[in-house]
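Read the structure below first, then the notes.
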């Protein structure tokens, strides 16, 4: 295998972005990070930010680097919420089904089912109404019940899997178990 020089960028090819054009939603971002075939990683994060077919963002860049160090050939990025925003608190006040994204569950399920390893990495709510956040996590817990999920490093103090931006160094994965959460607030029931 050829070694990269300091100035070379790692091999990267966006295979799929759903939808193709940058818009309000992003359901799936599938990136080849090796020219050679190999294991597939599915990363279930919080909500999409700026990453698209044309460009990456800090979270996706960190995720790709982590996956590359572990020998993965591709990464499928999926999210609890499909509504695109760099500011999670912007999800507050919008209808629940709108921010979860029509059809998002189908993309989450397909990515996890097709992966060699599925990793949870949504982190703490960071401004999202906790009731709304827990409601969505509960839905995804039911959706993914048949599939084993891993998390990178220990959970946050609130019991959430670490956000992908915090996947530093050689931190390994461990089984992630969804825990039962408090009942949703009135805002979460909308």
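Residue numbers (the numbering used here): 83 to 272.
Glycine is no exception: its CB is placed at the ideal position from the N, C-alpha and C atoms.
Nearest to residue i by alpha carbon, out of the options?
i, options, result
"residue 220", "136, 162, 185", "162"
"residue 94", "148, 115, 171, 141", "115"
"residue 113", "98, 92, 254", "98"
"residue 175", "104, 149, 209, 203", "209"
"residue 229", "247, 260, 133, 246", "260"
Look at the alpha carbon of residue i and the alpha carbon of residue j, and state the distance between them as a whole number of angstroms.
i, j, result
"residue 121", "residue 196", "10 Å"
"residue 243", "residue 90", "32 Å"
"residue 253", "residue 234", "6 Å"
"residue 191", "residue 227", "10 Å"
"residue 96", "residue 152", "19 Å"
"residue 92", "residue 223", "34 Å"
"residue 250", "residue 157", "17 Å"
"residue 135", "residue 240", "33 Å"
"residue 133", "residue 145", "12 Å"
"residue 246", "residue 127", "7 Å"
"residue 148", "residue 102", "25 Å"
"residue 164", "residue 150", "25 Å"
"residue 238", "residue 123", "22 Å"
"residue 171", "residue 117", "38 Å"
"residue 183", "residue 166", "10 Å"
"residue 198", "residue 255", "13 Å"
"residue 185", "residue 100", "11 Å"
"residue 346", "residue 111", "Past the boundaries of the shown model lies residue 346; the chain is included only from 83 to 272, so the question cannot be answered."
"residue 179", "residue 119", "37 Å"
"residue 204", "residue 248", "11 Å"
"residue 236", "residue 193", "24 Å"
"residue 211", "residue 181", "12 Å"
With a Cβ-Cβ cutoff of 8 Å, do residue i and residue j count as a contact?
i, j, result
"residue 109", "residue 189", "yes"
"residue 159", "residue 125", "yes"
"residue 131", "residue 168", "yes"
"residue 202", "residue 154", "no"
"residue 173", "residue 129", "yes"
"residue 231", "residue 187", "no"
Three-state secondary structure (DSSP) at residue i?
i, result
"residue 122", "strand"
"residue 201", "strand"
"residue 208", "coil"
"residue 257", "strand"
"residue 221", "helix"
"residue 93", "coil"
"residue 215", "helix"
"residue 160", "strand"
"residue 102", "coil"
"residue 265", "With a pLDDT of 47 at residue 265, under the threshold of 50, the modelled position of that residue is not reliable, and no figure is offered here."
Can a CB atom of chain D be found closer than 8 Å to the CB of residue i?
i, result
"residue 189", "The structure shown contains no chain D, having only a single protein chain."
Self-check item: Segment contact, 8 Å Cβ cut-off, at least three pairs: the stretch 213–230 with the stretch 132–150
Solution: no
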